[in-house]
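Take a look at the structure set out below.
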Amino acid sequence: MKAFTRLPGALSLFGAMIAVSIMVAVALAPVVSAHSDFEGSEPAADAVLVEPLDSITLRFATPVIGEGSSVVAVAETSGVAAQGELAAESDTNWLAVFTPPLQGDLFRIVYAFRAEDGHLIEGEFALNAVAATTTTVVTTTTTVADDVEGTLAVSEPVETTSTTEVSSTSQPGDVDAGAPPPTSRPSSSSGIDTANHISRLAQNLLGMTVVGYLVFAIACWRREDILPAPRVSIALGVVIALAGLLEIATIGRQLDITFGDALSHQLSRSPLITTCAAAVLAIAALSVLTGQVTSRSSFRALLVIPCLGLLVAPTFDGHTVSMGPRLLHALSDVVHMGSTSMWIGSVIGLAVVARTDRQQLSAVAQRTAKALMGTVAAVVLSGVVMTFIIIDDLSSLTDSTWGRILIVKVVTVLIAGLIGAVHHWSVVPRLASRDVQTTFQRSVTIELGVLIAVIAVSSWLVVAMP
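Taking our numbering, the leading residue of the sequence shown gets 4, the next gets one more, and so forth.
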C-alpha cells in the first residue's frame, strides 16, 4: 500500500522530466513552416545569367494553388524587391514573370505557395545576373535620296539593343521600386498561420474530448441521462464552432480572398465540417437542456451524426488528402482520431467519477480498463499505418522535422500507455481502498496532461513537412 502512496510523487517527477524533454526537443527542432515539395527551377538555382531574365519557372512535386502565393526577387546590392506576376503552366509548374527583367545584380528568389492540402511550400534560391545588362548603342546611317535638284545625303540615327557582359552593379531603377520591400513576407507565412494552427488545435483537442467523454459516460459510466453534461456539451460545441470559423477566416487571409470565398474553398472543408458538427451538437444539447427531447434511444442514435462529423473532418485536411492511398489513409485517420478520442475522454471521465461518484469508481474503472486495451491497440496500429503512408523510408524519422516531431509524439504516447498500464494492472484492482482512490485520481490527472501533449504534438504534425 505504501508503494501506491509514493506513486503520485514519482509520476509527477516523471511527468516533469518528460515535459522538460519535450520543450528541449521543440526548442532545438527547426521551425515547422513548409513541405519540402519544391523540385527546382528554370533557370536552376545559382545559375549565372548573361542575359536579362524576364521569367522563372518553378516546379513542385505536388499540385499547388495560386491564391496567396508569391515569388519575389530581392536584389542583393540595391536591396530592392520585384514581385513576379504568376501564371500556371500546369498544376505543378508555375511561371513568374518580371517586368522589367532582372539584370545587373545577384538576386535572391523568395517563393511561397500553398499545396492543395493547405501546407505552405516556401523557400529561396539565388540567381546571378550581375553580367546581364541591356545596353543601347546609337549608330548613324546615311540614306541617299534623289530629288529634282540632285542627290541629297540624309543622316538618320538608328538604335540597336544588344546584351553585353559588363562588370557593373544595378541601379535602383533596374528593379521595380513599387514592389514589396525585401523584409516583407507573403501573407501566407505571417502570424496568420499561428492563429490558423491554434484554431486547428482547439478543434482537435476539444472535439476529441467531447466525443470521447460522451462515449465514456454512456458506455462505461452507464449514465441514465439522455445526454450527460448538456451544459458542457453546449459550451464546447460553441467554442469548437468558433474555432472552425476562425480557421476559415485565417484561410481567407492566407489566400487573400474574402471570408465568403474562403467558405467554399477546398482548404476550408475540414473546419467547415467541424463547425457544422459542433453547431449541431450544441443545438442538440440545448434541446435536451430545455426539455424538448423525451426519447433517450432516438436521441443517442442521432447523436452519432455530429460525433462522427467531428472525427471525420480532419480527413479532409493535411497529409490525408495529399499522401498515399486516399481511402486507406482516411480510414486510418478516422480510427486514429476515434481511438484517441476514446482514450482521452475515458481519462477525463475517470477523473470526474473519482471526484463525484466514488462508489462506482471501481466498477467503472474496470469496464474502462478493458475497453482501453483495444483502444490503445487501435491508436498504435492506425498510427503505424499512417506513418508508413507518409514517409518514404525510416531515415525520414530522423532526417525531417516531421519525423522528429513524430518521435516526440511516440514518446508521449508511450508515457501515457505506461501510466495506463500501471492503472490497469496495479491500481484498478485495489480501488476499493480510499487511499488508492486518491492515488488514482492524481495519476489520472497526470495521464490526462500527457494525452493533451499527444494531441498538441499531433496537431503540430499536420503542419510539418514529412
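Each residue gets a CB set at the ideal place from its N, CA and C atoms; glycine is no exception.
From what residue to what residue does the alpha helix (DSSP H) around residue i run?
i	result
Arg62	Where Arg62 is concerned, there is no enclosing alpha helix (DSSP H), although the beta strand (DSSP E) it sits in stretches over Leu56 to Phe63.
Glu119	That residue, Glu119, is in no alpha helix (DSSP H); it is neither H nor E in DSSP.
Glu250	Pro233 to Leu258
Gly210	Ile195 to Ala222
Give the range of the beta strand (DSSP E) segment to which residue i is assigned.
i	result
Pro309	Segment Arg299 to Val315 is the alpha helix (DSSP H) holding Pro309; no beta strand (DSSP E) there.
Ala134	Per DSSP, Ala134 belongs to no beta strand (DSSP E) and is neither H nor E.
Phe41	Phe41 to Glu45
Can you check DSSP and say which residues form a bridge with residue i?
i	result
Gln295	None, per the DSSP bridge assignment.
Trp463	Answer is none; Trp463 lacks a bridge partner.
Ala91	Trp97
Ser73	Ala115
On the three-state DSSP scale, how would you describe residue i?
i	result
Gln470	Beyond the ends of the chain as shown, which are 4 and 469, falls residue 470; an answer cannot be given.
Thr102	strand
Ser344	helix
Ala368	helix
Leu266	helix
Leu109	strand
Val53	coil
Ala78	strand
Ile276	helix
Gly126	strand
Ile68	strand
Met376	helix
Ala333	helix
Leu230	coil
Gly352	helix
Thr323	helix
Ala357	helix
Ala48	coil
Thr261	coil
Gln363	helix
Would residue i be called buried (16 or more neighbouring beta carbons within 10 Å of its own) or exposed?
i	result
Lys412	buried
Trp463	buried
Ile449	buried
Glu250	buried
Gln363	exposed
Phe262	exposed
Pro317	buried
Gln257	buried
Gly71	buried
Met376	exposed
Ser301	exposed
Val283	buried
Leu209	buried
Gln295	exposed
Ala90	exposed
Ala30	Per-residue confidence for Ala30 stands at a pLDDT of 39, beneath the threshold of 50, marking its modelled position as unreliable; the derived number appears in the next sentence. Exposed: under 16 other Cβ atoms inside 10 Å.
Trp405	buried
Ala129	exposed
Arg203	buried
Pro309	buried
Gly82	exposed
Ile286	exposed
Pro175	Low per-residue confidence applies at Pro175: pLDDT is 38, beneath 50, and the placement is therefore not dependable enough to give any value.
| Of all the alpha helix (DSSP H) runs that stay within the bounds of the stretch 380-459, which reach a length of 4 or more residues? | Taking 4 residues as the shortest admissible run, the stretch 380-459 contains the following complete alpha helix (DSSP H) segments, listed from N- to C-terminal end: 399-402 and 404-425.
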